[in-house]
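Chemist: Residue numbers for the sequence shown follow this note's numbering, so the first one is 1 and each next one is one higher.
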Amino acid sequence: TAARWLAACGALMAVLAGAVPPAQAHAWSIHHAAMHPTAFRDIAAHADVPRYTSRGSVDVATRTVTVEQHLEWVNTTGVTVTLLPFRLFANLPDFAGQTTIVRARIDGVPVGYRYNPTRSIVEVILPYPLPQAARVIVSLDYRTTIPSGLGQTKYGAFNDDGTTLSFASAYPLLAMSAGGVWQTADPDTKGDLVNSPIGLYDVTLTIPSTHRLVSTGSMIALQQTPTTQTVRVVSGLQRDFAFVLTTLLPTSATVAGTRVTVYAAPSEENRAATETLTAATQALRLFNARFGQYPYRELDVVAVDAESFYGVEYPGLILMQDRTVASGKRLESTVVHEVAHQWFYNLVGNDVQAEAWVDESLATYAQVIYRRAYGGEDAAESELAELQRQYDRLVERELDAPVQQHMRAYTLYTFNVLAYAKGALFYEALRNDIGPDAFDRMLLQYVSSYRYAHADSTSMRDVATTICACTVDALFATWIHPSLQRRLP
Numbered sequence: 001t002a003a004r005w006l007a008a009c010g011a012l013m014a015v016l017a018g019a020v021p022p023a024q025a026h027a028w029s030i031h032h033a034a035m036h037p038t039a040f041r042d043i044a045a046h047a048d049v050p051r052y053t054s055r056g057s058v059d060v061a062t063r064t065v066t067v068e069q070h071l072e073w074v075n076t077t078g079v080t081v082t083l084l085p086f087r088l089f090a091n092l093p094d095f096a097g098q099t100t101i102v103r104a105r106i107d108g109v110p111v112g113y114r115y116n117p118t119r120s121i122v123e124v125i126l127p128y129p130l131p132q133a134a135r136v137i138v139s140l141d142y143r144t145t146i147p148s149g150l151g152q153t154k155y156g157a158f159n160d161d162g163t164t165l166s167f168a169s170a171y172p173l174l175a176m177s178a179g180g181v182w183q184t185a186d187p188d189t190k191g192d193l194v195n196s197p198i199g200l201y202d203v204t205l206t207i208p209s210t211h212r213l214v215s216t217g218s219m220i221a222l223q224q225t226p227t228t229q230t231v232r233v234v235s236g237l238q239r240d241f242a243f244v245l246t247t248l249l250p251t252s253a254t255v256a257g258t259r260v261t262v263y264a265a266p267s268e269e270n271r272a273a274t275e276t277l278t279a280a281t282q283a284l285r286l287f288n289a290r291f292g293q294y295p296y297r298e299l300d301v302v303a304v305d306a307e308s309f310y311g312v313e314y315p316g317l318i319l320m321q322d323r324t325v326a327s328g329k330r331l332e333s334t335v336v337h338e339v340a341h342q343w344f345y346n347l348v349g350n351d352v353q354a355e356a357w358v359d360e361s362l363a364t365y366a367q368v369i370y371r372r373a374y375g376g377e378d379a380a381e382s383e384l385a386e387l388q389r390q391y392d393r394l395v396e397r398e399l400d401a402p403v404q405q406h407m408r409a410y411t412l413y414t415f416n417v418l419a420y421a422k423g424a425l426f427y428e429a430l431r432n433d434i435g436p437d438a439f440d441r442m443l444l445q446y447v448s449s450y451r452y453a454h455a456d457s458t459s460m461r462d463v464a465t466t467i468c469a470c471t472v473d474a475l476f477a478t479w480i481h482p483s484l485q486r487r488l489p
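If you want it as structure tokens, here you go:
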């Protein structure tokens with residue numbers, strides 16, 4: 001979400017404009033540039049999160065970013081480790097790109113590395129066993145190339161569409177560890193892919209002066225030549241890093257200290273950008289009140305050529321299907337859904353492969369919350385009726401199944417209906433059961449309790465039980481687990 005924070009950076013910019021020493025300890029205050037003032041304390045409270053420091057350049061002609069990345073990592077797995085696996089999403093077939101590791105080092109010393117059979121994982125071999133709580137710096141030099149013109153057939157968030165080069169999750173990302181076991185299976189690409197802990201990013205990129213850098217995080221330094229610009233971006237606490245280079249022009253507004261910017265193709269009276277911006281700012285304002293303050297200074301929305309999604313979320317950055325933005329069809333609901341993901345996926349994490357419904361159903365139900373807030377009960381009922389129609393059609397086809405499934409167990413169709421529509425209908429049933437006031441307090445408490453952590457399929461049940469001082473087990477069991485048709489009363 002790199003944008004115009006420079007005006008407030010003054011002296012800090014002058015100090016930070018130079019190169020970043022690879023093993024330099026982070027000054028926590030650097031990351032305040034990306035965080036909303038209400039979230040400043042969160043950074044120091046998470047001193048042991050993975051910290052990525054990267055410096056590189058983008059060659060637009062070859063669609064390649066070349067980077068030297070340094071990860072400062074504290075072993076919090078609970079076990080001694082002998083290797084560190086990194087995900088290379090670019091090498092998945094649906095990405096149709098390539099990430100190649102050029103060199104690996106541990107604390108500055110060259111070490112070996114090896115790929116898995118699909119080259120979606122690279123394992124860096126440690127020169128010594130690393131015990132729990134030990135700290136290490138893992139350096140990886142790499143190149144990532146994105147495809148061109150494949151937004152309609154591959155993943156539009158990782159593509160050059162002629163106007164925007166999108167580099168989503170285009171770097172070696174340390175795999176997630178659960179119970180001392182690394183999660184290294186190739187993800188199912190029907191849904192979201194990135195399952196990771198909170199981290200911090202400090203990224204410096206040299207790009208052509210013809211393009212704008214839009215990324216997760218905020219810009220704190222800029223150096224320009226007649227043909228290039230070197231931009232330094234730092235993040236807040238977030239689960240991933242993505243950036244785009246674009247020639248699209250921005251349209252912006254500010255909500256409670258957060259700058260919201262939309263990048264879209266010109267349209268009559270700038271309608272596409274204006275409607276997108278209106279939906280994003282209204283959603284942000286509402287969700288600040290309903291879920292807790294958005295933790296970043298910026299939120300960007302960029303229109304890209306894509307077929308496989310209407311919108312996809314990254315921390316502080318949303319990529320929207322350009323046809324959706326241009327036509328206005330599904331636009332408002334899609335923007336609202338993706339803004340809600342800034343809380344449900346990013347701020348409160350979950351395993352998006354094993355328990356995708358946890359964030360998707362909440363982001364979908366946020367559409368109902370939005371309609372109720374801005375259009376009244378009739379608008380909310382209309383949104384719920386559409387979700388019910390989707391679910392009814394699934395039932396008619398005898399495809400009803402538990403909401404909670406691993407991504408591999410869904411088809412694309414059942415995933416879109418069960419995890420989204422049926423899951424959202426469950427939340428309306430829960431609201432009816434415990435009452436609107438308790439439901440609102442439950443959502444606030446859920447975000448507060450699992451902020452920067454991982455929730456699972458039992459987390460909301462536990463919060464609801466505490467808030468309402470009642471038993472909701474039967475409701476959860478009826479809607480989420482068995483294959484039973486449900487209809488709202």
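The beta-carbon is built from N, C-alpha and C at its ideal position, and this holds for glycine as well.
Is Trp343 helix, strand or coil when you go by DSSP?
Modeler: coil
Chemist: How is the beta strand (DSSP E) around Phe158 delimited, first residue to last?
Modeler: Element bounds for Phe158: 158-160.
Chemist: On the criterion of 16 or more Cβ atoms from any shown chain inside 10 Å, does Leu484 qualify as buried, or is it exposed?
Modeler: Low per-residue confidence applies at Leu484: pLDDT is 45, beneath 50, and the placement is therefore not dependable, though the value from the model is reported in the following sentence. Label assigned to Leu484: exposed.
Chemist: Can you tell me where the beta strand (DSSP E) holding Pro226 begins and where it ends?
Modeler: Taken as a continuous stretch (DSSP letters only), Pro226 belongs to no beta strand (DSSP E), as it is neither H nor E.
Chemist: Identify, in the order they occur along the chain, each residue of the same chain with its Cβ nearer than 6 Å to the Cβ of Ala265, setting aside the five sequence neighbours on each side.
Modeler: none
Chemist: Could you give the uninterrupted runs of the beta strand (DSSP E) lying entirely in the segment 49-89, keeping only those of 3 residues or more?
Modeler: 51-59, 64-74, 81-87
Chemist: Near Glu332, which residues of its chain fall below 7 Å by C-beta distance, leaving aside the five closest residues on each side in sequence?
Modeler: Excluding sequence neighbours, Glu332 sits near Ala279.
Chemist: Roughly how many whole angstroms lie between the Cα atoms of Ala185 and Val194?
Modeler: Those two C-alpha atoms are separated by around 12 Å.
Chemist: Pick from Ala453, Lys422, Asp456: whose alpha carbon is nearest that of Thr478?
Modeler: Lys422
Chemist: Going by DSSP in three states, Met35 sits in which element: helix, strand or coil?
Modeler: strand
Chemist: Quick one: what's got a C-beta closer than 8 Å to Val81's C-beta in the same chain, skipping five residues either side?
Modeler: Asn75, Leu126, Pro129, Leu130
Chemist: Indicate the three-state DSSP secondary structure (helix, strand or coil) for Leu222 in the structure shown.
Modeler: Looking at Leu222 - three-state DSSP - the assignment turns out to be strand.
Chemist: Taking the beta strand (DSSP E) that Gly311 falls in, what are its first and last residues?
Modeler: Membership of Gly311 in the beta strand (DSSP E) is indicated by the continuous run 311-314.
Chemist: Do three or more CB pairs link the segment 368-387 to the segment 211-219 at distances below 8 Å?
Modeler: no
Chemist: Which value, in whole angstroms, describes the spacing of the CA atoms of Phe415 and Asp359?
Modeler: 13 Å
Chemist: Going by C-alpha to C-alpha distance, which of Asp202, Gly257, Arg290, Ile207 sits closest to Gly236?
Modeler: Asp202
Chemist: My guess is that Thr104 and Leu140 are in contact by the Cβ rule of under 8 Å, so how many angstroms apart are they, rounded?
Modeler: It is Ala, not Thr, that sits at residue 104 in the sequence shown. With a Cβ gap of about 6 Å, Ala104 and Leu140 count as contacting.
Chemist: Since Glu123 is in the beta strand (DSSP E), which residue starts that stretch and which ends it?
Modeler: 121-130
Chemist: Look at the Cβ atom of Val348, then the Cβ atom of Arg451, and state whether they are nearer than 8 Å.
Modeler: Closer than 8 Å, so yes.
Chemist: Quick one, which of Leu245, His481, His70 has its alpha-carbon nearest Leu418's?
Modeler: Measuring from the Cα of Leu418, the nearest candidate turns out to be His481.
Chemist: How would you label Pro110, buried or exposed, when you count the other beta carbons within 10 angstroms and need 16 or more for buried?
Modeler: exposed
Chemist: Identify, in the order they occur along the chain, each residue of the same chain with its Cβ nearer than 7 Å to the Cβ of Ala253, setting aside the five sequence neighbours on each side.
Modeler: Leaving aside the five residues that flank Ala253 on each side, the residues in its chain whose CB is nearer than 7 Å to its CB run, in chain order, Val260, Leu277, Thr281.
Chemist: Which complete alpha helix (DSSP H) runs does the segment 428-464 hold, if anything under 4 residues is left out?
Modeler: 436-450
Chemist: Does DSSP classify Leu299 as helix, strand or coil?
Modeler: In the structure shown, Leu299 sits in a strand (DSSP, three-state: E or B).
Chemist: Drop a sphere of 10 angstroms on the beta-carbon of Leu249, count the other beta-carbons inside from all chains shown, and report buried for 16 or more, exposed for fewer.
Modeler: exposed
Chemist: In the structure shown, what three-state DSSP assignment does Arg271 receive?
Modeler: helix
Chemist: Taking Cβ positions, are Lys190 and Leu475 nearer each other than 8 Å?
Modeler: Contact: no.
Chemist: Identify the continuous beta strand (DSSP E) that holds Val551 and give its terminal residues.
Modeler: Residue numbering for the chain in the displayed model covers 1 to 489; residue 551 lies beyond these limits and cannot be assessed.
Chemist: Taking the beta carbon of Arg87 as the centre, do at least 16 other beta carbons fall within 10 Å, making it buried, or is it exposed?
Modeler: buried
Chemist: How many angstroms separate the CA atom of Tyr370 from the CA atom of Arg143?
Modeler: 42 Å
Chemist: List the residues that DSSP assigns as beta-bridge partners of Ile318.
Modeler: Val301, Glu313
Chemist: Can you give me the Cβ contacts of Val472 inside the same chain, cut-off strictly under 8 Å, excluding the 5 residues immediately before and after it?
Modeler: Leu430, Asp433, Ile434, Arg461, Ala464, Thr465
Chemist: Are the CB atoms of Asp300 and Gly316 nearer to each other than 8 Å?
Modeler: yes
Chemist: Classify Pro295 as buried or exposed, calling it buried when 16 or more other Cβ atoms lie within 10 Å of its own Cβ.
Modeler: buried
Chemist: Which residue's Cα is closest to the Cα of Val302: Phe291, Val255, Thr247, Ala354?
Modeler: Thr247
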